[in-house]
Ligand SMILES: [Zn+2]
């Protein structure tokens, strides 16, 4: 299957009329606006045209998203909530040519919050929120000798430890239809109390019981956070825990879909 994703960059203003020219590099449409800047992404599938090599012209996708946004803003002049918006995005399909199927749509609200609607195969909204914590750790395996640890983990085995600014992105799925009962402030509070407060400004090997006998690698940190969060009611089903140890290294923990 071939999938194509196009990102539509726009400023969210009441009374705004979007057109394809709204989708400039900076989403500015040629002017400097003090208004919420957001990204809407559509992922589509279909057949690649043998003559052009295109699945669909990206200008068609720009136009479909612009027209969808125009309709939505016109129908919701008094504002909306983000779940209501993302739930409506299957209407983008109305502006797509025959043979082009919308698989996913995603609204990136800030660098730290995004909502993705999985249209196919199941109608779910995947909400991802990012948080940060700073911690020290020492990579050291109790099942290896001191020399083996030094050889294998190198400077990460420094006896006094070292630190990282970790970034955690938690994804939960909420139903795309019906009353979901999801509260972003409650979700944030749960992430803070069950994850950040247990890890932030701690020495993981010393201060966090889960790592007393478990090497605090980024893989194991993701697994431990998953265990903590899987035991509490988040307002949606836990789908993924991503931990960035550095901007170049991250681990995802999830469970296969049944
Ligand atoms: Zn490290």
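Residue numbers (the working numbering): 228 to 485. By construction, the Cβ of each residue, glycine as well, lies at the ideal position given by its N, Cα and C atoms.
- For the segment 270 to 334, the full-length alpha helix (DSSP H) segments reaching 4 residues or more read 285 to 302, 309 to 315 along the chain.
- Taking C-beta separations shorter than 7 Å and ignoring five residues to either side along the sequence, the partners of residue 437 in its chain run 451, following chain order.
- If you measure from each CB to the nearest heavy atom of ligand 1, the residues under 7 Å come out as 364, 366, 383, 389, 391, 472.
- One Cα belongs to residue 401, the other to residue 408, and the distance between them is close to 9 Å.
- In the three-state reduction of the DSSP assignment, residue 354 falls in the strand class.
- For the pair of segments examined, the segment 359 to 369 was found to touch the segment 442 to 456: the number of CB pairs separated by less than 8 Å reaches three.
- In this structure, residue 429 lies away from residue 423, with their beta-carbon atoms at least 8 Å apart.
- Judged by DSSP in its simplified three-state form, residue 482 adopts coil rather than helix or strand.
- Look at residue 252 here: in three-state DSSP terms it is coil, with no helix or strand label.
- Look at residue 347 here: in three-state DSSP terms it is coil, with no helix or strand label.
- Rounded to whole angstroms, the Cβ separation of residue 334 and residue 341 is 7 Å, and the two are in contact under 8 Å.
- Boundaries of the alpha helix (DSSP H) harbouring residue 433: 431 to 434, taken from the DSSP string.
- In this structure, DSSP gives residue 391 an extended state, which the three-state scheme calls strand.
- For residue 445, the enclosing alpha helix (DSSP H) covers residues 445 to 457.
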